[in-house]
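To start, the structure under review is shown below, and the notes come after it.
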């Protein structure tokens, strides 16, 4: 393959299985996500190609793009967005943000345009010729149940499920227009795109609309379709009045009270009330589905039950907590209550046993303390990161009383942490399983220790 710069045709014919998107009606074909099943040899070959492409594009990708790149994550992009909004609010500024919905982003990549961009990035000629044979002449068949369609040709798109699909998409959108001023911010995570402008209320919309006009021309040029009807906009402000909505393709994108971006629900005042409520409901729903494994009749040991909680339920509760962990105490208490319920279910505790004793015996720290540990690790990596976009995230003194609702304030052991610190002190480091033993007998004590 590398010697002759040729990708065999037999490796370019995946079977596509349509998967219904969550919460969508099954009658509309657009509500299905096409999943390409590739051969094992194709995946091995793509792993080799991926390494070559990463080496060839090192240092050439825009710093705004965080998707499918080493040491870059959704949480870092979310921090970049939310800290810019918070910094503006602290200065008395507003922020207008537009969240774009790109239609079938991976499936509609213009093949010739992608090859042109590979050449313009000065990718080695042999690798470009190899990618030309990889992208052209692709065929696919669709499988629904046990039925398999005949093969059809496709002249556009990259397989999202392939090893190199995401990085090829990153290359395709790499020349997206950069904001002309420091008050306008572009946030990219693969095809999840947000454009925002911060400043005085009379200046925000001027800058935002100016960039959207420039972006619209670029989208048309490179045949990237945006669902204008599905795009959302949020005006982050403490004011009651909001300006006229922004426009894309001369169509207004009406303001919304909140939107979901990279798994986080962002409301117009960044209180994270709706997000934490959604997380609370989703965790309770997942807990109910796991009841056969965590409930009183489960044959699993305590150790395995705790493993399920720590690997499935707790990560769901604390995803992106370095971004929203400084939310109001009343919001965090919803998650604390959820952990207490799960812990009681794990050991089948009697009603009269206090939660703090159960957490102590299971060696579980309060959710707020777990978030604090995640925040410390996260900001340690952020402060030492080499990405230019991360370096430009607003910094501040977390001990400033006016910054107590900002994420870095979680690094301090202030008033909001008194309850958690006392709980940690009560838990200690010496394992005691007296409550567990009283409830479940010596068998669980032996398994847990």
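Numbering (the UniProt record's numbering), first residue to last: 1 to 449.
Quick reminder that beta carbons are idealized off the backbone N, C-alpha and C, glycines included.
What does the alpha-carbon distance come out to for the pair residue i and residue j?
i: residue 199; j: residue 290; result: 47 Å
i: residue 74; j: residue 334; result: 24 Å
i: residue 298; j: residue 318; result: 26 Å
i: residue 129; j: residue 58; result: 19 Å
i: residue 131; j: residue 331; result: 50 Å
i: residue 437; j: residue 174; result: Residue placement at residue 437 is poorly supported in this model, since its pLDDT is 48, which falls under 50; the coordinates still yield a value, given next. Looking at the two C-alpha atoms, the distance is approximately 59 Å.
i: residue 257; j: residue 233; result: 9 Å
i: residue 273; j: residue 39; result: 45 Å
i: residue 245; j: residue 287; result: 41 Å
i: residue 116; j: residue 222; result: 11 Å
i: residue 90; j: residue 280; result: 29 Å
i: residue 68; j: residue 266; result: 23 Å
i: residue 1; j: residue 12; result: 13 Å
i: residue 277; j: residue 86; result: 21 Å
i: residue 4; j: residue 17; result: 32 Å
i: residue 30; j: residue 101; result: 14 Å
i: residue 123; j: residue 56; result: 6 Å
i: residue 386; j: residue 406; result: 23 Å
i: residue 375; j: residue 410; result: 7 Å
i: residue 149; j: residue 139; result: 12 Å
i: residue 364; j: residue 305; result: 13 Å
i: residue 118; j: residue 81; result: 29 Å
i: residue 54; j: residue 372; result: 34 Å
i: residue 144; j: residue 154; result: 19 Å
For residue i, count neighbouring C-beta atoms within 10 Å of its own C-beta (all shown protein chains included) and say buried if the count is 16 or more, exposed if not.
i: residue 261; result: buried
i: residue 204; result: buried
i: residue 336; result: buried
i: residue 224; result: buried
i: residue 350; result: exposed
i: residue 166; result: buried
i: residue 192; result: buried
i: residue 320; result: buried
i: residue 125; result: exposed
i: residue 249; result: exposed
i: residue 235; result: buried
i: residue 77; result: buried
i: residue 194; result: buried
i: residue 383; result: exposed
i: residue 170; result: buried
i: residue 450; result: Residue 450 cannot be examined here, being either before or after the span of the chain that is shown, 1 to 449.
i: residue 14; result: buried
i: residue 311; result: exposed
i: residue 283; result: buried
i: residue 264; result: buried
i: residue 42; result: buried
i: residue 401; result: exposed
i: residue 329; result: exposed
i: residue 367; result: buried
i: residue 285; result: exposed
i: residue 314; result: buried
i: residue 207; result: buried
Would you call the CB atoms of residue i and residue j closer than 8 Å?
i: residue 66; j: residue 188; result: yes
i: residue 295; j: residue 339; result: no
i: residue 32; j: residue 21; result: yes
i: residue 164; j: residue 46; result: yes
i: residue 109; j: residue 231; result: no
i: residue 96; j: residue 197; result: yes
i: residue 394; j: residue 408; result: no
i: residue 247; j: residue 212; result: yes
i: residue 259; j: residue 94; result: no
i: residue 227; j: residue 103; result: yes
i: residue 388; j: residue 34; result: no
i: residue 9; j: residue 216; result: no
i: residue 106; j: residue 183; result: no
i: residue 114; j: residue 172; result: yes
Taking the DSSP output, what are the residues bridged to residue i?
i: residue 265; result: 260
i: residue 160; result: According to DSSP, residue 160 bridges with nothing at all.
i: residue 255; result: 233
i: residue 187; result: 194
i: residue 77; result: According to DSSP, residue 77 bridges with nothing at all.
i: residue 515; result: Lying outside 1 to 449, the shown extent of the chain, residue 515 is not represented and no answer is given.
i: residue 140; result: 152
i: residue 147; result: 144
i: residue 248; result: 251
i: residue 226; result: 102
Report whether the distance from the Cβ of residue i to the nearest heavy atom of the ligand NAP is below 7 Å.
i: residue 234; result: With respect to the ligand NAP, the structure shown offers nothing to examine, as it has no ligands at all.
Self-check item: Length at least 4, wholly inside the segment 308 to 362: the alpha helix (DSSP H) runs in chain order
Solution: 314 to 318, 321 to 324, 329 to 347, 355 to 362
Quiz item: Along the chain, which unbroken stretches of the alpha helix (DSSP H) at least 4 residues long are found entirely within the segment 91 to 136?
Solution: Runs of alpha helix (DSSP H) with 4 or more residues, each lying fully within the segment 91 to 136, are found at 111 to 120, 125 to 135, listed in chain order.
Practice problem: Please list the segments of the alpha helix (DSSP H) lying wholly inside the segment 357 to 406, counting only runs of 4 or more residues, in order along the chain. | Solution: 367 to 383, 388 to 391
Quiz item: Mind pulling the beta strand (DSSP E) runs of 3 or more residues that sit fully within the segment 8 to 69?
Solution: 15 to 20, 32 to 37
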